[in-house]
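Notes for the one structure printed next.
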Amino acid sequence: MSASEVGQQIINALSLGSTYALLALGLALVFGVMGLVNFAYGELVTITGYTMYLLTVNGVPWWIGVVAGIVFATIASLLMERFAFRPLRNASFLTLLFSSFALSVIIQNVFRAAVSPRTKGIEGPSLLIKAVHLGPLSISWLSIITIGVGFACLLGLTLFMRGSLAGIGMRAAAENFSVARLMGVRANRVIALAFVISGLLAGVAGVLWVSRSGSVDPGMGFTPILKAFIATVIGGLGSLPGAVLGGFMLAAAEVFFIAVLPTSVAPFSDPFALLLVIVILYFKPNGLLAPVAEGA
Amino acid sequence: MNGLLRSLYVRKVAGTSGLLIAVLAVIALIGAFGVGAGSSLTLIIPNFFITVIVVIALQMFTGNSGVVSWGHSAFVGIGAYVTAWLTVPTVIKSDVFHSMPGWLLNAQWSFLPTIIVGTVAGTIVAALIGLVLCRMKETAMAMSTLALLVIAHGVYANWFGMTRGAQGVYGLPQNTTLWGAFGFACLAVIVGVMFRDSRVGLRLQASREDPLAAEATGVNVVRARYIAWVASAALAAMCGSVWAQFNLAFDPSQFYYTQVFAVLSMLVIGGMATMSGAIIGAGVVTVLSQILFQIEGGSFFGIDVPRVNGLQQMILALITLLILIYRRNGILSWWELDEWVRKGRLRFARGGGPRSAPAAGDDEEGG
């Protein structure tokens, strides 16, 4: 493999990785504050996609669709918390997981019933598929935007979590919820905030996701949630830096297998990447950057 | 002491599985004699028995250990594909499986040997994967079973020469009869109940309630989970083999997360702690699915209703969510059917009824 090909693959991995990292962060945030692996999180991507589809198909400019998609995902995330997960506070990991799984099936089928069970195409601006030539590399604008947006979100979130009172409260709640409450962190508020940020991240990632695939379908949320789930578990469930690391590692593994495997086994690149994940988990059962458990 | 415990065990197993098998037998008799040929019940009832097997398989692992598994559909798939390899007539085989070795091409096995080989194949795969999986923490293990599901689906959909990819396999002989399905469902009930009240089963349930406390009292949690994992995967593979010989054709999408969700919702609705819960959940979901399927198709017992895509799944998911919110342990919660009957009889003997309501509160909603 030549140097330019390696460079090309690194760009691919970075672009895919920043999408995965955003998705994984949203999942990890909610897990941190209420111990829920939100399986319906993938449906936030679906909601973003369908908002964009329904608006653009009716002649609304693409960028308004993007903003509306992100806003709707955030609102949906908040509603999920209020109506499905608040009644289940303090339930076991398994109960929470099942209920989010059920919620995800409900949302999927709402789209199946209300829009169509079939795949629908979305046309983005033509700029996205144009390529920039940098020496021997040719990079699409979409990759550049994805990497830029991804890193901007990571930076913004880091500043928020480290600098603002709400962010510090949320990190405290993730470490020890009851002690954080004793210190004056409001339980309902911090959980709602986690869902809002999680919805926002899912919305941004959803826009990137849909721009890449160019289409929406009711079951499209499964792949994003799967990748996010895997990334958070590799990184160590509940660890935010771990989620980012996991996202980039998963993307690197996928891009590597697609590039290296001969064409006859190319369809098996996903299974190979997942096998690698299982191997990592075998040696690090708690993930790479697992938070140190204290007390609870 | 040991003898006393053993006789208690035998009585408990016999009591629970006896009543459940009696219930299944009534359903089977309805299927055999009460229904005219051509009625849709001749399809639904054997399918119900097959569903019972896979729900019990999942109950054995997830119900006892409290660790979710998305991966059991993978083992159903192994059972089904091995069955197709062994039973499809040679003429069709050369058409369906392009890279099948010659010795397998001529294989024409009958019902029971096929099921045994299918079960063994699933068990071997589960035993190998389990070595890795069962060592993990609960969350990592849950994720890995999801990864397993996706890996297995990837293999079924892309190993074209042996699975015909997404187009699927056809031409299996119809070997599974109503009574065949009933027999295997009964076997699953007995295995499930025996496991649940066995030494390993009880240890596993202790680890479900509190893994640390269970470890501290000397339970080898990893080992208990491993045994349950292998045993339940064996049942799932058996189910796949029985199902394949009833359904006669299948494709990889039938071993994916839609099916996983259906089985999980049965477990949640009925109550995953008990065998009766698993079976009643399967029954409730089967009946509901049929009704909703009719409505989704645009008619409800002859009355026209507007067509709604995905209604069946939507309502089932909604019911699952409501059960999780309002009756977290499922319809049956912690008691087997025979225990409910005994409780009811006790209350009756005490002169119960509506007036003894205060006394009823103490044992109803346990956990």
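Chains as they are written, first to last, in the numbering used here: chain A, 1 to 296; chain V, 1 to 367. Glycine included, every Cβ here is placed at the ideal spot set by N, Cα and C.
- Inside the stretch 168-237 of chain V, DSSP marks whole alpha helix (DSSP H) runs of 4 or more residues at positions 178-196, 199-209 and 211-216, from first to last along the chain.
- In this chain, the beta strand (DSSP E) harbouring A131 (chain A) covers A131 to L134.
- Annotation: the continuous alpha helix (DSSP H) that includes I115 (chain V) extends over F111 to L133.
- Here DSSP, grouped into helix, strand and coil, assigns L137 (chain A) to strand.
- Counting the other CB atoms within 10 Å of its CB gives E336 (chain V) a total of 16 or more, which places it among the buried residues.
- Contact annotation: in the stretch 260-283 of chain A, residues whose CB is within less than 7 angstroms of a CB in chain V are P267, F268, D270, P271, L274, L275, V277, I278, L281 and Y282.
- By the Cβ-count criterion, L88 (chain A) is buried, with 16 or more other Cβ atoms from all chains shown falling within 10 Å of its own Cβ.
- Assigned with DSSP and collapsed to three states, S215 (chain A) falls in strand.
- Contact between L226 (chain A) and G287 (chain A) does not hold, since the beta-carbon distance rounds to 16 angstroms and is not under 8 angstroms.
- Listed in chain order, the alpha helix (DSSP H) elements of length 4 or more contained wholly in the stretch 326-352 of chain V are 337-349.
- Here G121 (chain A) carries a strand assignment [DSSP, helix/strand/coil].
- Taking 8 angstroms as the upper bound for CB-CB distance, M34 (chain A) and I197 (chain A) are not in contact here, some 13 angstroms apart.
- Judged by DSSP secondary structure, W85 (chain V) falls within the alpha helix (DSSP H) whose first and last residues are H72 to T87.
- In terms of CA proximity to F293 (chain V), V:V308 leads the group V:P173, V:G283, V:V308 and V:G102.
- At least one CB atom of chain A sits nearer than 9 angstroms to the CB of E138 (chain V).
- At the C-beta level, F160 (chain V) and A102 (chain A) stay beyond 9 angstroms of one another.
- The C-alpha of I147 (chain A) is placed about 48 angstroms away from the C-alpha of A206 (chain V).
- Beta-bridge analysis with DSSP links F250 (chain V) to V:V169.
- In this chain, the alpha helix (DSSP H) harbouring T258 (chain V) covers Y257 to G270.
- Burial state of M183 (chain A) is exposed, judged by a 10 Å Cβ sphere holding fewer than 16 other Cβ atoms.
- Under a criterion of Cβ atoms nearer than 7 angstroms, the residues of chain A adjacent to A147 (chain V) are, in order, I230, L274, V277 and I278.
- DSSP places T62 (chain V) outside any alpha helix (DSSP H), giving it a letter other than H or E.
- With contacts defined as CB atoms closer than 9 angstroms, L321 (chain V) and I106 (chain A) qualify as a contacting pair.
- In this structure, V207 (chain A) sits away from C153 (chain A), with a CB-CB distance that is not shorter than 9 angstroms.
- Collapsing the DSSP output to three states places P262 (chain A) in coil.
- When 7 angstroms is used as the limit between beta carbons, S99 (chain V) is near no residue of chain A, the shortest such separation being about 12 angstroms.
- Neighbours of N158 (chain V) in chain A, taken as residues whose beta carbon is under 7 angstroms from its own, are P267 and F268 in chain order.
- Taking the CA atoms as reference points, M162 (chain V) sits about 20 angstroms from T123 (chain V).
- Distance check between R203 (chain V) and each of V:F48, V:S17, V:I45 and V:S65 places V:S65 closest, using alpha-carbon atoms only.
- Around the beta carbon of V54 (chain V), 16 or more other beta carbons lie within 10 angstroms, which makes this residue buried.
- The stretch 135-149 of chain A and the stretch 14-25 of chain A touch, with no fewer than 3 CB-CB distances between them shorter than 8 angstroms.
- Ranking A:F160, A:M170, A:L193 and A:G121 by CA distance to the CA of R82 (chain A) puts A:L193 first.
- Out of V:L235, V:L131 and V:V120, the CA that lies nearest to the CA of V279 (chain A) is found in V:L131.
- Looking at the backbone, the Cα of G201 (chain V) and that of W229 (chain V) are separated by about 11 angstroms.
- Within chain V, the C-beta atoms nearer than 7 angstroms to that of R112 (chain A) come from N309 and G310, in chain order.
- Contact between the stretch 251-265 of chain A and the stretch 69-76 of chain A is absent, with fewer than three C-beta pairs closer than 8 angstroms.
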